[in-house]
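Engineer: First the structure, then my questions, so here it is.
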Amino acid sequence: MYGDHGKEIAVIVNDIGEVNVDGVLVDKKGFKRTGEKLVSMPNGCICCTLREDLIVELDQLVQFSDLNQIVIEASGISKPIPIIQAIILAKNPLDIDLTQRLEIGAIIIVVDVKRFWDNFETGEKIQERKAEGNVVEEEQDIRGLLIDQFECCNILLLNNSDLVSTKTIYKINGLIAKLQSNAKIIRTIKGEVDLSKILNTNLFNIDETSYSMGWFKELELGYQNHIPETEEYGISSFIYRNRLLLDAQKFAHLTDKNFPGNITRAKGFLWFAQHSDFSTIFETSGSHKSIESLNYWVASLPKIECQMIIQKNPN
């Protein structure tokens, strides 16, 4: 969303964890200085536990902002259909009708191709699950969530496509085509994409979406009976905090050799003894891990500069 694109855009960033790391990073990169609005929604999922909060935020944005676009970045375990229904169905417990004020342009799914291929290399199980359908309801399996996300998407971003071979990309395209044949597929590196390819596309089709299995399932369950994805797929989150300096070499050994296999996703800020003046961002998704220096800690800057930053950003 960065750059001089001439649009007034609001971004809603959702994370199931108590600390919304992605929201902090977007804010740190100067998003607000471009005249756009960032709304952070942590500690829950906007397709279930925070769905009413999402409706309220959208209502506020539409009423009090002169926006061209609203981009909703849901958590990685969110299902698109409950979010779609929150926007386009007039009835909800809050009696807030968004149907005449908002329209959905596209449902976009970002696929980490390296992790996708590592987890689903044969492709057999994921195809079988789509054919069987009812297995998704009975088993706590992340593949079922992936199918739910693919079911109604219009654009698929194959991210980190530089980390796999061209041959693997073709195989992934073939597998995705069996799950979602109508989606527009775009290869990306580090999430960079031309905004004209994802905004104002008008690819969303309510007639197609409303005939999907997931749509009928959500209507049958009812607004208040949606099963949280954390419960359905056995996903949980926790926060690790430590004020002591970390050893960079020991941490690298942990991530390379002894990283717990049951951690699907991790992201956060680190403080290393080897370069204690700098903040570091650690991120892992499947087998792919990255550690990058961000910037100086505010406390490590000269006193005058530190005071100026605190005055501008008291929180």
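Counting from 20, one number per residue, gives the positions in the sequence shown under the working numbering. All residues carry an ideal CB built from backbone N, CA and C; glycine is no exception. Quick caveat, the model's predicted, so the values are computed rather than measured.
1. With DSSP collapsed to three states, give me the class of V317.
2. Three-state secondary structure (DSSP) at G287?
3. Determine the closest residue to A267 out of Q168, A292, I123 and T228, with distance taken between C-alpha atoms.
4. Please name the residue in N221, L218 and E170 whose C-alpha comes closest to that of K197.
5. Thinking I329 and L313 are a contact (beta carbons under 8 Å), I'd like their distance in whole angstroms, please.
6. Between C66 and I91, how many whole angstroms is the CB-CB distance? I'm expecting something under 8 Å.
7. Please report the distance separating the alpha-carbon of S319 from that of S231.
8. Going by beta-carbon coordinates alone, are I188 and L175 separated by less than 8 Å?
9. Looking only at C-alpha atoms, which of I127, K26, N33 and I107 sits nearest to D226?
10. Could you please give me the residues that DSSP links to M60 through a beta bridge?
11. To the nearest angstrom, how far is it from the Cα of I254 to the Cα of K276?
12. By the three-class DSSP mapping on this structure, what secondary structure does I28 have?
13. Using 8 Å as the threshold, is the C-beta distance between Q88 and I28 below it?
14. Going by the beta-carbon positions, is the gap between P61 and G95 smaller than 8 Å?
15. If distances are taken between C-alpha atoms only, which option among L222, L177, G193 and A202 comes closest to E211?
16. Between which two residues does the beta strand (DSSP E) holding Q119 run?
17. Check the DSSP bridge columns for N178 and list the partner residues they point to.
18. How would you label F257, buried or exposed, when you count the other beta carbons within 10 angstroms and need 16 or more for buried?
19. Grouping DSSP H, G and I as helix and E and B as strand, with all else coil, what is T299?
20. Identify, in the order they occur along the chain, each residue of the same chain with its Cβ nearer than 6 Å to the Cβ of L121, setting aside the five sequence neighbours on each side.
21. Could you tell me the boundaries of the alpha helix (DSSP H) in which I188 lies?
22. Throw me the rounded Cβ distance for the P99 and Q168 pair, which I believe falls under 8 Å.
23. Just how far apart, CA to CA, sit L365 and Y315?
24. Out of E237, R206, S200 and T118, which has the shortest C-alpha to C-alpha gap to S184?
25. For a quick check, are the C-beta atoms of K31 and E76 less than 8 Å apart?
26. Which residues in the same chain have their Cβ closer than 7 Å to the Cβ of F223, if we skip the five residues on either side of it in sequence?
27. Can the beta-carbon of N179 be found less than 8 Å from the beta-carbon of K236?
28. In three-state terms, what does DSSP make of I329?
29. Following the continuous alpha helix (DSSP H) through Q268, name the residue where it begins and the one where it ends.
30. Measuring CB to CB, does D137 end up less than 8 Å from S304?
31. What's the gap between the Cα of A285 and the Cα of N33?
32. When you compare each of K56, F270, I74 and K209 to T118 by their alpha carbons, which one comes out closest?
33. Closer than 6 Å by C-beta to C325: which residues in its own chain qualify, once you throw out the five before and the five after it? Chain order, please.
Structural biologist: The relevant details are as follows:
1. Of the three classes helix, strand and coil, the one that applies to V317 here is helix, per DSSP.
2. Of the three classes helix, strand and coil, the one that applies to G287 here is strand, per DSSP.
3. Nearest option by C-alpha distance: A292.
4. Restricting attention to N221, L218 and E170, the CA atom closest to the CA of K197 is found in E170.
5. So it is not a contact: roughly 18 Å between Cβ atoms.
6. About 10 Å; that fails the 8 Å criterion.
7. Near 54 Å, if we compare the C-alpha coordinates of S231 and S319.
8. Contact: no.
9. When only C-alpha atoms are compared, the closest one is I107.
10. In DSSP, M60 forms a bridge with N33.
11. Approximately 24 Å between the Cα atoms of the pair.
12. Of the three classes helix, strand and coil, the one that applies to I28 here is strand, per DSSP.
13. Yes, the pair counts as a contact, with Cβ atoms nearer than the cut-off.
14. With contacts defined as CB atoms closer than 8 Å, P61 and G95 fail to qualify as a contacting pair.
15. Checked all of L222, L177, G193 and A202; the closest Cα to E211 is L177.
16. For Q119, no beta strand (DSSP E) segment is defined, and its DSSP state is neither H nor E.
17. In the DSSP output, where bridge partners are listed per residue, N178 has D131.
18. Its Cβ having fewer than 16 others within 10 Å, F257 is exposed.
19. The answer is strand: DSSP assigns T299 an E or B state.
20. The beta carbon of L121 sits closer than 6 Å to the beta carbons of I106 from its chain, once the five residues preceding and following it are set aside; these are given in chain order.
21. T185 to L198 is the span of the alpha helix (DSSP H), which, as asked, contains I188.
22. With a Cβ gap of about 6 Å, P99 and Q168 count as contacting.
23. Since the first and last residues shown for the chain are 20 and 334, residue 365 lies out of range.
24. In terms of CA proximity to S184, R206 leads the group E237, R206, S200 and T118.
25. The residue asked about is misnamed: residue 31 is Ile in this sequence, not Lys. In this structure, E76 lies closer than 8 Å to I31 by Cβ.
26. The answer, listed in chain order, is I123, G124, A125, I126 and N173.
27. No, these two residues do not count as a Cβ contact at 8 Å.
28. DSSP, reduced to helix, strand and coil, places I329 within a helical segment of the structure shown.
29. Q268 -> alpha helix (DSSP H) spans A267 to K276.
30. Cβ atoms of D137 and S304: not closer than 8 Å.
31. The alpha-carbon of A285 is positioned some 15 Å away from that of N33.
32. Nearest Cα to T118 within the set K56, F270, I74 and K209: I74.
33. Correct list, in chain order: V317.
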